[in-house]
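Engineer: Once you've had a glance at the structure underneath, I'll fire off some questions.
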């Protein structure tokens with residue numbers, strides 16, 4: 044995502060005392076690269092605008108804000124977006140939790156993940172015991188994965204989770220041989 048902001052206040056006052064200034068209305072607009080025709084971005088009506096997740100195809104996209112106050116209107120300078128592609132493979136960060144029956148593990152990744160590859164159970168293997176994931180769910184943030192196993196993991200010993208074939212939203216795959224080691228104790 045990218046965030047744009049503009050600071051503007053109306054210099055117009057209701058009376059000579061300067062006691063009241065009129066509000067400024069904001070409307071963010073966008074245009075494809077090289078075009079001079081801008082369109083309003085729906086619901087982008089504050090002094091700050093944050094884009095949705097960007098793609099490489101957004102490179103060169105133009106943004107500006109139309110500002111209006113009673114009796115005056117103008118546009119900001121145009122900002123041209125440069126998209127730098129994500130080439131960094133995702134990394135598992137930490138095991139957040141293991142449930143009381145030792146069959147549900149929550150894991151965080153360094154960035155939002157691709158649901159298709161991340162929710163493929165065959166991409167995860169726990170040792171000791173060659174325990175496989177039976178079900179995998181990615182949360183709404185795209186960074187927390189909940190792995191459910193058919194058999195329990197081993198408490199009070201080092202467990203290692205081997206991860207393969209899992210991709211981030213840019214299509215980068217976790218490095219070959221990626222593992223997360225952890226120890227948990229029964230409560």
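Residue numbers (my numbering): 44 to 230. Just so you know, even glycine gets a beta-carbon here, dropped at the ideal spot from N, CA and C. Treat the numbers as computed from the prediction; the structure is a model and nothing was measured.
1) Nearest to residue 213 by CA position, among 96, 92 and 72, is which residue?
2) What is the DSSP secondary structure of residue 199, counted as helix, strand or coil?
3) For residue 145, which residues in the same chain have their Cβ closer than 7 angstroms to its Cβ, ignoring the five residues on either side in sequence?
4) What is the residue span of the alpha helix (DSSP H) that residue 186 lies within?
5) Below 8 angstroms on the Cβ atoms is my guess for residue 103 versus residue 123; work out the distance and round it to an integer in Å.
6) State the Cα-Cα distance for the pair residue 101 and residue 230, rounded to the nearest angstrom.
7) For residue 181, does the count of other Cβ atoms within 10 angstroms reach 16, so buried, or fall short, so exposed?
8) In terms of DSSP beta bridges, what is residue 84 paired with?
9) Kindly identify the DSSP beta-bridge partner or partners of residue 109.
10) Measure how close the beta-carbons of residue 174 and residue 163 come, nearest whole angstrom, since I'm counting them as under 8 angstroms.
11) In this structure, does DSSP put residue 178 in helix, strand or coil?
12) Cα-Cα, which of 142, 67, 160 and 159 is closest to residue 227?
13) Nearest to residue 129 by alpha carbon, out of 223, 92, 216 and 115?
14) Pick helix, strand or coil for residue 55, following the three-state DSSP scheme.
15) In whole angstroms, give me the CA-to-CA distance for residue 153 and residue 131.
16) Mind reading off the beta-carbon distance from residue 29 to residue 191? Whole number of angstroms is fine, and I expect it under 8 angstroms.
Structural biologist: Looking at the coordinates:
1) As a first step, residue 213 is located in the chain shown; it is residue number 170 there, counting from the start. When only C-alpha atoms are compared, the closest one is 96.
2) Taking the first residue of the chain shown as position 1, residue 199 is located at position 156. Residue state, collapsed to three classes: coil.
3) One-based indexing of the chain shown puts residue 145 at position 102. Taken in chain order, the residues that qualify are 195, 196 and 198.
4) Within the chain shown, numbered from 1, the residue matching residue 186 stands at position 143. Per DSSP, residue 186 belongs to no alpha helix (DSSP H) and is neither H nor E.
5) If you number the chain shown from 1, residue 103 lands on position 60. If you number the chain shown from 1, residue 123 lands on position 80. Correct: roughly 6 angstroms between the Cβ atoms.
6) Here residue 101 is taken as the residue at index 58 of the chain shown, counted from 1. Here residue 230 is taken as the residue at index 187 of the chain shown, counted from 1. Computed Cα separation, rounded: 49 angstroms.
7) Here residue 181 is taken as the residue at index 138 of the chain shown, counted from 1. Per the 10 Å Cβ criterion, buried.
8) By one-based count along the chain shown, residue 84 stands at place 41. BP columns for residue 84 are empty, so no partner.
9) One-based indexing of the chain shown puts residue 109 at position 66. Its beta-bridge partners are 70 and 118.
10) By 1-based counting over the chain shown, the position of residue 174 is 131. By 1-based counting over the chain shown, the position of residue 163 is 120. At roughly 16 angstroms, the Cβ-Cβ gap does not stay under 8 angstroms, so residue 174 and residue 163 are not in contact.
11) Within the chain shown, the letter at position 135 stands for residue 178. Looking at residue 178 - three-state DSSP - the assignment turns out to be strand.
12) Against the chain shown, residue 227 aligns to sequence position 184. Of the candidates 142, 67, 160 and 159, the one whose C-alpha sits nearest the C-alpha of residue 227 is 142.
13) Start at 1 with the first residue of the chain shown, and residue 129 comes out as number 86. Among 223, 92, 216 and 115, the Cα nearest to that of residue 129 belongs to 216.
14) One-based indexing of the chain shown puts residue 55 at position 12. Only weak support is given to the placement of residue 55: the predicted model assigns it a pLDDT of 42, under 50, and the question is left unresolved by the model.
15) Position 110 of the chain shown holds residue 153. Position 88 of the chain shown holds residue 131. Taking the straight line joining both Cα atoms gives about 10 angstroms.
16) This structure cannot speak to residue 29, because the chain is shown only from 44 to 230.
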